[in-house]
Amino acid sequence: MKVLVTGGMGYIGSHTCLALLDAGFQPVIFDNLSNASKAVLTQINKISGVTPAFVEGDIRNTALVRQTLEHYGCEAVIHFAALKAVGESTVEPLNYYDNNVSGTLSLLQAMDSAGVRRIVFSSSATVYGEPDYIPIDEHHPLRATNPYGWSKVMVEQVLADLCQADSRWQATALRYFNPVGAHESGELGENPLGTPNNLMPYVAQVAVGKRSLLSVFGNDYPTADGTGVRDYIHVMDLASGHVMALKARLEGYFACNLGTGQGYSVTQLIETFRQVSGKAIPCEFVERRPGDVPCSYANSELAQQVLGWQAHKDLTAMVTDVWHWQLNYPMGI
Ligand code: NAD
Ligand code: UDP
383 MKVLVTGGMG YIGSHTCLAL LDAGFQPVIF DNLSNASKAV LTQINKISGV TPAFVEGDIR
443 NTALVRQTLE HYGCEAVIHF AALKAVGEST VEPLNYYDNN VSGTLSLLQA MDSAGVRRIV
503 FSSSATVYGE PDYIPIDEHH PLRATNPYGW SKVMVEQVLA DLCQADSRWQ ATALRYFNPV
563 GAHESGELGE NPLGTPNNLM PYVAQVAVGK RSLLSVFGND YPTADGTGVR DYIHVMDLAS
623 GHVMALKARL EGYFACNLGT GQGYSVTQLI ETFRQVSGKA IPCEFVERRP GDVPCSYANS
683 ELAQQVLGWQ AHKDLTAMVT DVWHWQLNYP MGI
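In this note's numbering, the protein residues as written are 383 to 715.
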């Protein structure tokens, strides 16, 4: 079965392409390369022996998306393409709503006219805003604290309304917690352009000597060691969640969390990185980062019940794979 993977050259999309190939699907990547390098195709080939079909284009180009779906005979779409920097979204909200919300509307219109009405959507734990309770389950109210988060809430609403209006549509929204890690081969991983916004790639770049110091945002949170707690999930576990969502053959709209259910603090992550890499990782405590929640981790029982999915890889595996990738490609690809 052919699957259009929007944003398939990006971090999570490229790892999902490997999982799709492994499961016998044929990914067709559609990406505008706004946050990815074409070298990803070479890395996918190195690992799998296959170079997926690739169309360079923007999801807001409805005609090109439709043409691509029809040309390749895609039967489903996995939709990763989006802008994802929370801070930037507060400065450029129109750009974020245009890319993430209008872009998705364009994609859905193209799918409808091509008669392809199955979509798996990259949502995020950010749709829960500041959590009322933890672990967070899917009954938790949806809200956001920034335009990026609202763009995810809005797209989820669009998908739910579409499935409600037309029973030919099936949409699954996967709410990722904190994706980290790399492919175990060390040949594919997160390839941030510029300064990383997220903790794990930043720590990796300090460990490899590309950056001198890690700033830890806050050590006065109401957590065991005062630093923020998150549910880090290995990108290959996340990738397998997409394959299982495709295989599940659900009806209507479905949304679920993808997390491990286990929270780790910033300090615990840094300590694990020190142990795995044998590097010092200098850090300093600084002010809290505006908008950060103290603690967030998932209840992922629904994904297990409905998709038969659960995460298998622990924090040491996540860090080991990131370190392997970082050592192989200290300057990225
Ligand atoms: P990424 O930036 O590595 O990948 C996104 C890809 O989409 C990039 O290759 C980019 O070039 C492409 N793209 C962006 N806008 C496009 C457009 N208009 N048309 C075509 N291609 C476009 O990001 P990622 O970390 O792989 O995230 C993938 C998805 O998962 C995103 O929707 C993101 O919001 C969501 N998500 C990510 C995280 C995370 O921490 N990485 C957490 C929760 C949800
Ligand atoms: N964090 C940090 N220094 C950094 C980046 C992140 O201390 O350079 C902290 C951040 O405050 C949060 C945790 O690491 O407590 C995870 O942050 P990340 O940006 O990776 O994920 P998110 O905040 O989106 O959950």
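Built from N, CA and C at the ideal position, the CB exists for glycine as well.
- Runs of the beta strand (DSSP E) lying entirely within the segment 576-644, each at least 3 residues long, are 596-599, 614-616 and 634-640 in chain order.
- Beta-bridge annotation (DSSP): Asn-560 is paired with Tyr-614.
- The Cβ-Cβ distance between Asp-413 and Gly-431 does not fall below 8 Å.
- Looking from the CA of Tyr-646, the closest CA among Glu-633, Ser-678 and Gly-576 belongs to Ser-678.
- DSSP, reduced to helix, strand and coil, places Ala-555 within a strand of the structure shown.
- Around the beta carbon of Ser-682, 16 or more other beta carbons sit within 10 angstroms, so the residue counts as buried.
- At a Cβ-Cβ threshold of 8 Å, Val-562 and Met-582 count as neighbours.
- Note on Gly-511: 16 or more other CB atoms within 10 angstroms of its CB, so buried under the neighbour-count rule.
- Inter-residue distance for Asp-602 and His-522 is about 26 Å (C-alpha atoms, whole angstroms).
- Around the Cβ of Asn-477, a 10 Å sphere holds fewer than 16 other Cβ atoms; the residue is exposed.
- Using a C-beta cut-off of 8 Å, the segment 536-547 makes no contact with the segment 591-600, since fewer than three inter-stretch Cβ pairs fall below that distance.
- Rounded to whole angstroms, the separation of the alpha carbons of Phe-599 and Thr-577 is 16 Å.
- Between Met-493 and Val-459, the gap from beta carbon to beta carbon is short of 8 Å.
- Taking a C-beta distance under 8 Å as the contact criterion, Glu-569 and Lys-428 qualify as a contact pair.
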